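*Asks:* Taking the numbering used here, I'd label the letters of the sequence shown as residues 3 to 447.
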Amino acid sequence: MKLSEIAAILREIGVSPVKSLGQNFLHDRNLAKWLVDQAAISPEDFIVEIGPGLGALTELALAKGARVSAIEKDKRLVQFLREKFQGDALEVLHGDALEFDTRMLYAQPKVKLLGNLPYYISSQLLIKFLEYPSPIYLWLFMLQKELARRLVATPATSDYGALTLLVQLHHRVEYLRTVPASVFLPKPEVDSALVRVTPRDPQEFPACNYKVFEELVRRGFSQRRKQVGKLIRHAVPKWEIAAAELGLNVKARAEELSLQQWIALTNYVAPIAPASSEAGQEESFSIVDEFDRVIGSSPRSQVHANNLLHRAVHLLIFNSAGEVFLQLRSRRKDRHPLLWDSSAAGHVNAGEEYDQAAARELREELGIQIPLENIAKLTASERTDCEFVSLYCGSHDANLRLNPDEIEAGQLFPPSIVDAWTKARPQDFAPAFLECWKIWRERNS
Ligand code: SAM
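1. Which residue's Cα is closest to the Cα of Y356: G369, K379, A307?
2. Where does Y270 land, buried or exposed, given buried means 16+ other C-beta within 10 angstroms?
3. Ignore the nearest five residues each way along the sequence and tell me which others in A245's own chain have a CB closer than 8 Å to its CB.
4. Spatial neighbours of A266 within its chain, please: CB distance less than 6 Å, with the 5 preceding and 5 following residues excluded, ordered by chain position.
5. Tell me, which residues are paired with D114 by DSSP?
6. Within its chain, find whatever has a CB closer than 6 Å to the CB of G67; leave out the 5 residues flanking it on each side and keep chain order.
7. From P182 to S194, what distance separates their C-alpha atoms?
8. Return yes when at least one heavy atom of the ligand SAM lies under 8 Å from the C-beta of L60, else no.
9. By a C-beta neighbour count over all protein chains shown, 10 Å radius and 16 as the cutoff for buried, is F327 buried or exposed?
10. So does K21 have its beta carbon nearer than 8 Å to some heavy atom of the ligand SAM?
11. Given 8 Å as the limit, tell me if K75 has its C-beta closer than that to any heavy atom belonging to the ligand SAM.
12. First and last residue of the beta strand (DSSP E) that includes P406?
13. Flag G24 as yes when its Cβ comes closer than 8 Å to any non-hydrogen atom of the ligand SAM, and as no otherwise.
14. Does the Cβ-Cβ distance between G24 and I123 come in under 9 Å?
15. Measuring only the C-alpha atoms, how far is L368 from N446?
16. Let me confirm a value: S2 is counted as buried when at least 16 other C-beta atoms fall within 10 Å, else exposed. Which label applies?
17. Going by the C-beta, is E51 closer than 8 Å to any heavy atom of the ligand SAM?
18. For A150, report the span of its alpha helix (DSSP H) as first-last.
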């Protein structure tokens with residue numbers, strides 16, 4: 003869109019840009035084209051655009067054949083966009099992007115996020131849309147240059163801070179280019195920059211407890227000039243010993259610690275138990291015949307290596323709004339790491355009954371004890387990894403205490419989203435969960 007076009011449209015629709023909504027419209031068409039190209043959009047993509055404005059980026063994303071869902075707060079612009087792109091693969095949502103429910107994106111095959119962000123809320127938007135885990139594959143943001151520099155900062159620089167680490171823990175950020183204020187109408191007071199964000203390979207760094215990581219990092223950077231050991235004394239009372247063990251300078255300030263060192267520090271404060279196989283302990287499971295009669299027991303590795311029939315429990319826990327809690331399996335699991343699964347699930351140990359195993363898994367994985375209803379039994383098959391599965395349901399509203407040894411993350415989902423998601427992306431789920439969900443669905447439709 004050219005400058006004269008933008009000015010003419012604004013006149014025609016009687017809109018003057020609103021500063022409090024961060025309305026600075028991009029009028030350099032070549033730059034807009036280059037910018038959208040950085041998202042490598044294809045017809046399979048589902049684009050979410052934050053703040054489409056007059057559609058400078060929207061029209062280029064649509065031209066690539068993608069479906070676009072654009073969230074715009076200004077009602078006048080929503081009306082303009084709906085008329086302008088009538089008949090195109092565009093849905094314009096009128097609302098505040100900060101309130102957008104990202105969970106519905108899990109049901110889309112490939113989601114990319116695009117946004118020349120309104121600067122007054124860019125940091126909040128970053129935190130919301132860069133949550134982990136996420137259904138988004140790629141993020142392309144136009145931000146104030148200063149904020150972009152904070153995202154890509156390296157240790158021992160003034161831009162390096164809590165935001166850098168909270169974003170970089172799960173994401174890679176590329177600073178693509180600086181964008182001068184002169185390409186916007188009206189001209190903002192500061193230059194901008196384009197950044198591309200992609201998910202980090204979760205196996206790149208050791209797992210750590212995210213809540214503890216965030217708390218340590220925020221405290222550590224709360225007074226930049228102070229030594230980090232003094233600021234996190236509450237969590238690490240014997241800082242000198244910890245620093246020596248982790249190879250850190252005892253007088254270091256927060257900005258001197260790399261991301262890997264912050265992860266190591268988090269794991270020092272809140273260690274994640276080694277997987278049982280790494281710890282040299284091996285559980286023993288009941289093994290059964292084709293009628294689910296116990297015929298003996300065998301160590302875990304033998305059961306899986308020889309495809310022996312065995313037993314497992316799956317639990318689906320719902321809140322009173324009818325949403326089901328799903329867990330993302332820990333990256334350290336030997337089977338199906340980083341796949342979505344039932345609220346809790348696990349094997350039946352040797353000498354244990356299904357009901358006992360269900361109550362134990364609930365306690366161990368989610369930290370709760372509630373009545374459970376046994377709703378079905380699944381026969382062992384390849385799809386259940388040779389497990390006879392007893393399926394339980396329960397209701398719970400208060401907070402869960404997720405066990406980081408087992409669970410990477412978890413979230414509540416309306417069943418309609420799980421239906422669409424399992425259909426669109428079955429590869430995101432542990433196979434036995436898909437079987438359990440099918441059965442739960444048959445009984446609850
Ligand atoms: N994408 C357009 C462009 O590049 O020309 C406009 C970008 S302008 C910097 C930011 C846009 O975000 C404006 O259209 C503004 O109305 C919209 N906006 C502001 N606050 C918003 C919010 N909370 N949720 C959604 N859109 C918002």
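Note that CB positions come from ideal geometry on N, CA and C, so glycine has one too. From a predicted model like this one, the values you see are computed outputs, not experimental measurements.
*Replies:* The structure says:
1. Comparing Cα-Cα distances from Y356 to each of G369, K379, A307, the minimum goes to K379.
2. Taking a 10 Å sphere around the C-beta of Y270, we find 16 or more other C-beta atoms and assign the residue as buried.
3. Closer than 8 Å at the Cβ level, and outside the excluded window around A245, lie G231, N251, V252, A254.
4. Closer than 6 Å at Cβ, skipping near neighbours: L248.
5. It should be noted that the sequence gives Lys, not Asp, for residue 114. In the DSSP output, where bridge partners are listed per residue, K114 has I49, L140.
6. Exclusion of the five residues before and after G67 leaves P45 as the residues of its chain whose Cβ lies within less than 6 Å of its Cβ.
7. Spanning the two alpha carbons is a distance of roughly 6 Å.
8. One point to set straight first is that residue 60 is Thr, not Leu, in the sequence displayed. Yes; taking the cut-off as 8 Å, the Cβ of T60 has a heavy atom of the ligand SAM nearer than that.
9. When all chains shown are included, F327 counts as buried.
10. Flag unset: Cβ of K21 not near the ligand SAM.
11. Answer for K75: yes, Cβ within range of the ligand SAM.
12. Counting along the chain, P406 falls outside any beta strand (DSSP E), and DSSP gives it neither H nor E.
13. Because some heavy atom of the ligand SAM lies under 8 Å away, the Cβ of G24 counts as near it: yes.
14. Cβ atoms of G24 and I123: closer than 9 Å.
15. Going by the C-alpha atoms only, they are around 24 Å apart.
16. This structure cannot settle anything about residue 2, because the visible part of the chain is limited to 3 through 447.
17. Yes - the ligand SAM has a heavy atom lying nearer than 8 Å to the Cβ of E51.
18. Under the DSSP assignment, A150 falls in the alpha helix (DSSP H) whose first and last residues are 147-154.
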